[in-house]
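Down below is the structure, laid out as structure tokens.
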Amino acid sequence: MKIGVVGAGVAGSYLSRMLEDRGHKVKVFESSGMNSHWPVCAWGASKNMLETFSAKAGLNFDNYILHSGKILKMYLPENNIEYLDLKGLVTYDKKRWEHDLLKGIEVGYGTRFTHESFPTSDFDYVLDCTGYHRSLLPKSIHDFVIPAYEYLVENVNDVNEFYVIGYKGARGYFWYFPLGGGRGYVGAGDIDRKYVGIEEFFQKNRSARVIKKIGRPIRLSPPSLMKPFFLKNIIGVGESIGCVFPMLGEGIIPSLICSDLFLEVLDNSDKFDYDRYTKKVLNKFRYYRDVYRIIRLKMSGSLNTLKHFKLLMTMYTNMKREEKRFGFEISFDKMTRLVRAL
Ligand SMILES: Cc1cc2nc3c(=O)[nH]c(=O)nc-3n(C[C@H](O)[C@H](O)[C@H](O)COP(=O)(O)OP(=O)(O)OC[C@H]3O[C@@H](n4cnc5c(N)ncnc54)[C@H](O)[C@@H]3O)c2cc1C
131 MKIGVVGAGV AGSYLSRMLE DRGHKVKVFE SSGMNSHWPV CAWGASKNML ETFSAKAGLN
191 FDNYILHSGK ILKMYLPENN IEYLDLKGLV TYDKKRWEHD LLKGIEVGYG TRFTHESFPT
251 SDFDYVLDCT GYHRSLLPKS IHDFVIPAYE YLVENVNDVN EFYVIGYKGA RGYFWYFPLG
311 GGRGYVGAGD IDRKYVGIEE FFQKNRSARV IKKIGRPIRL SPPSLMKPFF LKNIIGVGES
371 IGCVFPMLGE GIIPSLICSD LFLEVLDNSD KFDYDRYTKK VLNKFRYYRD VYRIIRLKMS
431 GSLNTLKHFK LLMTMYTNMK REEKRFGFEI SFDKMTRLVR AL
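The letter at position 285 of the sequence shown is residue 415 when you use our numbering, and the numbering goes up by one with no holes.
This is the structure:
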């Protein structure tokens, strides 16, 4: 089949490789320039999952790991501090990973397509892998995004482990993700755009030098709120249809899981079964709806741990079941303390 992939991020580059290897005729379209393309992301994800996805796509994930975390320190409101044992959380060279996946595949760089400007009729299927932008699909009235930006820094001498600062009311958080060799990402997502922690980071780490400032909002609304997933032969995959874990704004693994769901459906019939894809995506990410609800209740100050106990349990049991996929320990006690502290 002739497949156009719009957006060469996580989902777009992985899917292009997998489709090309299946014998489809793939053409990729990416709005950034070939040399200026930079994945806007803190490059942190679970090694356990990325090893599997990489192997399927013919890459050895060990070659991309920059830093393997041991412990995550969380600064919480009212001077509370919590530590999480890390079980596979790493940072990796996401730029090289995405570029390597696209080796040998035709990529048209430098054009930002819209639904009107994209030549959809030239393809059997077109994949909207434009992430937050969702450039080819209609907007969703339920869409909810959080503003975010980050600095790529070098010459950081005193911090060599992941740490975050959670904002009161779960309105966002600050992160430092180490990239090895004194480099790291310093950033924050914050509904109130105050980005507490960033200025303090630079005050404490006088030697840190900014290499790059990058940013874009992160989608928190789950797939159940991001319909439609299709428009004629255009199919959304990844963050474009809400595959982001709402509590963390973490979308690498969810976008790859969504990509595999797309492939499963495509492989199983001559014609793409839109209903089956919808059901699979909604089913796989069902509990993201509950997690999103917890976040919105927290943001509005109306989460009550007793009244919403069932909701919290759903989040815990699902996260515990998928502990390997997150790359950090999932503990009910710590989760409850965290929810209360925020
Ligand atoms: C600051 C920040 C930090 C983050 N950190 C993490 C993290 O550490 N771990 C994690 O798991 N998640 C993180 N996320 C979320 C994660 O990066 C995304 O959810 C994930 O990359 C989504 O994958 P995707 O393939 O759907 O879209 P993206 O990876 O965003 O790829 C979309 C691609 O489409 C291109 N594009 C956009 N519009 C068009 C258009 N009109 N025409 C052509 N091309 C277009 C873009 O240039 C981009 O290359 C972060 C997000 C932000 C903003």
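Glycine included, every Cβ here is placed at the ideal spot set by N, Cα and C. Remember, predicted model here, so these are calculated numbers, not experimental data.
Using 8 Å as the threshold, is the C-beta distance between residue i and residue j below it?
| i | j | result |
| --- | --- | --- |
| K217 | G457 | yes |
| T241 | S351 | no |
| I295 | G327 | yes |
| S354 | L412 | yes |
| L472 | K437 | no |
| K334 | Y281 | no |
| Y239 | G163 | yes |
| L393 | M148 | yes |
| E459 | D192 | no |
| K157 | G137 | no |
| G261 | S370 | yes |
| M179 | R455 | yes |
Please classify residue i as buried or exposed, where buried requires at least 16 other C-beta atoms within 10 Å of its C-beta.
| i | result |
| --- | --- |
| K224 | buried |
| G188 | exposed |
| P169 | buried |
| P207 | exposed |
| R264 | buried |
| G234 | exposed |
| R349 | buried |
| K177 | buried |
Using CA atoms only, rank isn't needed, just tell me which of the options is closest to residue i.
| i | options | result |
| --- | --- | --- |
| I365 | S432, M204, T250 | T250 |
| L361 | F462, A300, K269 | K269 |
| S146 | L468, D252, D390 | D390 |
| A172 | R323, K450, Y303 | Y303 |
| H245 | G142, L257, Y239 | L257 |
| V283 | K409, V374, A338, I235 | A338 |
| R336 | N285, Y306, L267, S432 | N285 |
| N363 | N398, F253, N209, N190 | F253 |
| T435 | A138, Y407, T260, V469 | V469 |
| L231 | G142, G174, S198, Y306 | G142 |
| G153 | K409, H197, L396 | L396 |
| M449 | R423, Y417, D463 | Y417 |
| T444 | R455, G317, V421, D463 | V421 |
| L202 | K155, L196, Y213 | Y213 |
Rounded to whole angstroms, how far is the Cβ of residue i from the Cβ of residue j, which I believe are closer than 8 Å?
| i | j | result |
| --- | --- | --- |
| P376 | I425 | 5 Å |
| I276 | G372 | Contact flag wrong, Cβ pair sits at about 13 Å. |
| E330 | P308 | Wrong, their Cβ atoms sit about 17 Å apart, outside the cutoff. |
| F274 | F159 | Actually they are not in contact, since the Cβ atoms of F274 and F159 sit about 27 Å apart, beyond 8 Å. |
Looking at the structure shown, is residue i part of a helix, part of a strand, or coil, going by DSSP?
| i | result |
| --- | --- |
| A278 | strand |
| D405 | helix |
| K454 | helix |
| H167 | coil |
| L413 | Note that residue 413 is Asn in the sequence shown, not Leu. Correct three-state label for N413: helix. |
| T182 | helix |
| I271 | coil |
| W173 | coil |
| Y314 | The amino acid at residue 314 is misidentified as Tyr; the sequence shows Gly. Here G314 sits in strand by DSSP. |
| H263 | helix |
| T466 | helix |
Under 7 Å: does the beta carbon of residue i sit that close to some heavy atom of ligand 2?
| i | result |
| --- | --- |
| W173 | In the structure on display, ligand 2 does not appear, and the ligands it does have are ligand 1. |
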